[in-house]
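One structure below.
Numbering (the numbering used here), first residue to last: 2 to 813.
This is how it looks when you write it as structure tokens:
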């Protein structure tokens, strides 16, 4: 005890010496402020934030700090001294248990000061500022009006928990009324019970008017008396704060609807009223701070023009893209899988066969992901990367973990049988026996569905002659694209389709011979770099084709072969042989002539794209994205005619990755038929992207999610490691106008968007029309219908082209 007294005595002497050395000298330019409560009792602790007329700010914690870094503010027992009062713009005093006060010079000069939410006694250079106590906090069944220093858990209990790219979050709605009075009311709402602010206002606060009137009063009126928004607590997020230049830990984001026309002053007021009532929020430091997060480009612009308002009030702010900038772990898709844990580069992945009995640690994002049990990537992903989309479709676990190659939880289990599970915001990896893995595989086997196809219909249909109802003849992709042409003829130009009939006729008419098997062996060895397996595949082929079966008959025999089904590498080689035979077998002369003539009739000499449209892709519940091949053709050029190139599209039914994907889902291979979508090529892409008709980044705010990249570089599978621009399109503050909420800039265009405001509005308008139209066709409620649209901006005029539409299958 004596030791502690000595320590505190020495500390007191040092502080006194510091005060003597640093304290301001009496002078006309100084200001002494004594801080007391309503009874005149000096405040024991407070934070002072001073905004100066020259634009800079200073912050001082008393009694922890004796003086600020610039030696403009000085603590004394129960108050502070300020140097240079002529430069004073505003002074904000924050003290727990009290209403935060704002002191500013009166119009007639710095010698007279006025206070907001406090009373001033005396005049400069010596004044007394009396702070008012906060009303006692209420904790009701439907809301709370404030929280003590130890009430973070109670605060979180009012919220709705979600899991996103930024980790777990808790969203708590708030409602502030009477902001035009000296006694505003603050409500932290039980958000699970009241998903809409209006419902709470009507049921609890007694707001008497309609929803339309409420929206006007709360979000649009210039003389509003209420504010409403959402607090989002990110308990596991570490992010860089642009304002302070230091890392934030577990921030609480203050957000508003993107279309809310509130001013920066409104935001600063809300920040102050909320912060003073959230006793668990530190007034300085980096953890659990209340941070304003603008919800779109309009709000970001207003913030950038008024940062002095926030800085002078000690109100932190951050842009959404900075929240994402410090991610090291992404929990992207839940699920469980068991298999061999293997570390692979994209090159190794293309050279080796894998299956759903493999868990992959990927050094980089591959262009395509074959069917595997689960994925851990050493690079961060976007929600629309092929790796994540594939994981979402398959229901397989997927995470991104920077420096995973050095994580002992992973490296200790490489090349072993493991189970990998992602649940909530956690992932786990553990070793298992062969028996345990087999039991898991047996328990998760899928029931095979039935695929529909009209293989009797043989017309080569123009877009004007087909639509959504023809999906059983030409596949969902071609049918949906024709339907897009009907409602958006400018954004989806003319096209046509080759129905399933001709694929089936090709299988039924083509005879397989041992010579065709032998011809595939050498190309197989070059392509797969596995001469042993290619030789075995050739021998298997010759054995199955010894009596010259049709291609359809040969495929039935191949699928029934035991070695084909159990040997992954042999299966890969055998499927290459099938594709080689199909791309080199002759096409029926009558069909070839008819197809080339029809393409010339519709497109002339323009280059066209032939794209897959099977009866096993773009389905509601199964995408099949990226499984099949597209090719270019020109009707007037020998060796490049559609009738010659179409065989490559047909053959892609037997791509290894497509085969494994179908096997994983239990889709019957022999019931898969390939139609072909034909439209003109777009060789001059200025930008391309993917749009989801729901707000993946912020599901609580209506909007659409977009990834866009410069030129033809892939958004979902960048070969060069370049990352796309990621943004949400949300309603703007002006009626009928949208704005962007940028999550990340393209690595090829840092700080500058790849899509103009005009293009953004055009894309939004087209996507809204497509969403409403296809929602009716699919039988969805329009607001709940999430579709995946691929688009591009083409040519010097950057014309918008909607490439295709499919139902979007969200991560599970």
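Cβ atoms here follow ideal geometry from the backbone N, Cα and C, with glycine treated the same way. Just so you know, these numbers come straight off a predicted model, no measurement behind them.
Could you give the DSSP three-state label for residue 71: helix, strand or coil?
-> Walking along the chain shown from the start, residue 71 turns up at place 70. Residue 71 falls in the coil class under three-state DSSP.
Using only alpha-carbon positions, find the residue among 724, 499 and 590 that is nearest to residue 679.
-> Position 678 of the chain shown, counted from the first residue, corresponds to residue 679. For the residues 724, 499 and 590, the minimum Cα distance to residue 679 belongs to 499.
Three or more C-beta pairs closer than 8 Å, one from the segment 701-714 and one from the segment 479-498: is that the case here?
-> Output reads no: the segment 479-498 does not touch the segment 701-714.
Every unbroken alpha helix (DSSP H) within the segment 415-495, with a cutoff of 4 residues, ordered by chain | 435-444 and 472-488
Residue 399 lies in the beta strand (DSSP E); which residues open and close that run?
-> Along the chain shown, read from residue 1 onward, the residue named residue 399 stands at position 398. Element bounds for residue 399: 399-402.
Residues in its own chain within less than 6 Å of residue 426 by CB, not counting five upstream and five downstream?
-> Taking the first residue of the chain shown as position 1, residue 426 is located at position 425. Result list for residue 426: 164, 168, 169 and 332, in chain order.
CA-CA distance, residue 471 and residue 674?
-> Stepping through the chain shown from its first residue, residue 471 is reached at position 470. Stepping through the chain shown from its first residue, residue 674 is reached at position 673. C-alpha separation (whole angstroms): 14 Å.
Rounded straight-line distance, which links the Cα of residue 736 to that of residue 19 | Here residue 19 refers to the residue found at position 18 of the chain shown. Here residue 736 refers to the residue found at position 735 of the chain shown. Residue placement at residue 19 cannot be trusted, given a pLDDT of 41 that sits under 50; what the coordinates show is reported in the next sentence. Residue 19 and residue 736: Cα-Cα distance of roughly 58 Å.
Pull up the CB-CB distance for residue 361 and residue 387, whole angstroms please, since I reckon it's below 8 Å.
-> The residue labelled residue 361 in the question sits at position 360 within the chain shown. The residue labelled residue 387 in the question sits at position 386 within the chain shown. At roughly 13 Å, the Cβ-Cβ gap does not stay under 8 Å, so residue 361 and residue 387 are not in contact.
Taking residue 235 as part of the beta strand (DSSP E), name the residues at either end of that continuous run.
-> Walking along the chain shown from the start, residue 235 turns up at place 234. Premise fails: residue 235 is in no beta strand (DSSP E) and is neither H nor E.
Find out if the Cβ-Cβ distance for the pair residue 34, residue 80 is shorter than 7 Å.
-> Numbered from its first residue, the chain shown carries residue 34 at position 33. Numbered from its first residue, the chain shown carries residue 80 at position 79. Yes.
Starting from residue 267 and walking both ways along the alpha helix (DSSP H), at which residues does that stretch end?
-> Position 266 of the chain shown, counted from the start, is the residue given in the question as residue 267. It spans 265-276 - the alpha helix (DSSP H) in which residue 267 sits, taken as one unbroken run.
Assigned exposure category for residue 655 - 16 Cβ within 10 Å defines buried | Taking the first residue of the chain shown as 1, we reach residue 655 at position 654. That one is buried.
Residue 796 versus residue 206: straight-line alpha-carbon distance, rounded | Translated into positions along the chain shown, residue 796 becomes position 795. Translated into positions along the chain shown, residue 206 becomes position 205. Cα-Cα distance, rounded: 56 Å.
Counting contacts by CB-CB distance shorter than 7 Å, is residue 88 in contact with chain B?
-> Going by chain labels, chain B is absent from the structure shown, which holds only one protein chain.
Residue range of the beta strand (DSSP E) that includes residue 597 = On the chain shown, position 596 is the one that residue 597 refers to. Unbroken run through residue 597 is the alpha helix (DSSP H), 590-604; no beta strand (DSSP E).
Check: residue 161 C-beta below 6 Å from any heavy atom of the ligand GDP = With respect to the ligand GDP, the structure offers nothing, as it holds no ligand at all.
Does the segment 184-195 come close enough to the segment 343-352 that 3 or more CB-CB pairs lie under 8 Å?
-> no
Just the Cα atoms here: how many angstroms apart are residue 753 and residue 740?
-> Walking along the chain shown from the start, residue 753 turns up at place 752. Walking along the chain shown from the start, residue 740 turns up at place 739. The alpha-carbon separation between residue 753 and residue 740 amounts to approximately 15 Å.
Taking just the CA atoms, how far does residue 804 sit from residue 595?
-> For the purposes of this step, residue 595 is identified with residue 594 of the chain shown, where counting begins at 1. For the purposes of this step, residue 804 is identified with residue 803 of the chain shown, where counting begins at 1. Approximately 26 Å, taken between the alpha carbons.
Assigned exposure category for residue 751 - 16 Cβ within 10 Å defines buried = What you label residue 751 is simply residue 750 of the chain shown in a count that begins at 1. Residue environment analysis places residue 751 among the exposed positions, since fewer than 16 neighbouring C-beta atoms fall within 10 angstroms of its C-beta.
Identify the continuous beta strand (DSSP E) that holds residue 96 and give its terminal residues.
-> Taking the first residue of the chain shown as position 1, residue 96 is located at position 95. Where residue 96 is concerned, there is no enclosing beta strand (DSSP E), given that its DSSP letter is neither H nor E.
Would DSSP call residue 279 helix, strand or coil?
-> Looking up residue 279 in the chain shown gives position 278. Residue 279 falls in the strand class under three-state DSSP.
Would you say the segment 644-663 touches the segment 577-592, given that touching needs at least three Cβ pairs under 8 Å?
-> yes
Beta-carbon proximity check, residue 456 vs residue 501, cutoff 7 Å = The count along the chain shown starts at 1 and reaches residue 456 at position 455. The count along the chain shown starts at 1 and reaches residue 501 at position 500. When the beta-carbon positions are compared, residue 456 and residue 501 come within less than 7 Å of each other.
Helix, strand or coil: which one does DSSP assign to residue 258?
-> Along the chain shown, one-based indexing puts residue 258 at 257. In the displayed model, residue 258 falls within coil according to three-state DSSP, outside both helix and strand.
Measure the C-alpha to C-alpha separation of residue 328 and residue 318 and round it to an integer number of angstroms.
-> Here residue 328 is taken as the residue at index 327 of the chain shown, counted from 1. Here residue 318 is taken as the residue at index 317 of the chain shown, counted from 1. Distance between the alpha carbons of residue 328 and residue 318 is about 18 Å.
Closest by C-alpha distance to residue 56, when choosing among 354, 90 and 223 = Residue mapping note: residue 56 aligns to position 55 of the chain shown, counting from 1. Of the candidates 354, 90 and 223, the one whose C-alpha sits nearest the C-alpha of residue 56 is 90.
Alpha carbon to alpha carbon, how far is residue 62 from residue 104? Give it in angstroms, no decimals.
-> In the chain shown, the residue the question calls residue 104 occupies position 103. In the chain shown, the residue the question calls residue 62 occupies position 61. The alpha-carbon atoms of residue 104 and residue 62 are separated by roughly 17 Å.
Whose CA, out of 617, 567, 636 and 626, lies closest to the CA of residue 598?
-> Locating residue 598 in the chain shown gives position 597, counting from the first residue. When only C-alpha atoms are compared, the closest one is 636.
Do the CB positions of residue 441 and residue 430 come within less than 7 Å of each other?
-> For the purposes of this step, residue 441 is identified with residue 440 of the chain shown, where counting begins at 1. For the purposes of this step, residue 430 is identified with residue 429 of the chain shown, where counting begins at 1. No, they are not a contact pair.
Taking contact to mean at least 3 C-beta pairs separated by less than 8 Å, is the segment 213-223 in contact with the segment 137-157?
-> no
Would residue 615 pass as a contact of residue 496 if the rule is Cβ separation under 7 Å?
-> For the purposes of this step, residue 615 is identified with residue 614 of the chain shown, where counting begins at 1. For the purposes of this step, residue 496 is identified with residue 495 of the chain shown, where counting begins at 1. Cβ atoms of residue 615 and residue 496: not closer than 7 Å.
Are there 16 or more other CB atoms within 10 angstroms of the CB of residue 512, so buried, or fewer, so exposed?
-> For the purposes of this step, residue 512 is identified with residue 511 of the chain shown, where counting begins at 1. By the 10 Å Cβ count, residue 512 comes out exposed.
Mapping DSSP to helix, strand and coil, what is residue 108?
-> What you label residue 108 is simply residue 107 of the chain shown in a count that begins at 1. Confidence is the limiting factor: at residue 108 the pLDDT is only 48, short of 50, which leaves the residue's position unreliable and the question unanswerable from this model.
Burial state of residue 779 (16 or more Cβ within 10 Å) | Start at 1 with the first residue of the chain shown, and residue 779 comes out as number 778. Exposed, because fewer than 16 other Cβ atoms sit within 10 Å of the Cβ of residue 779.
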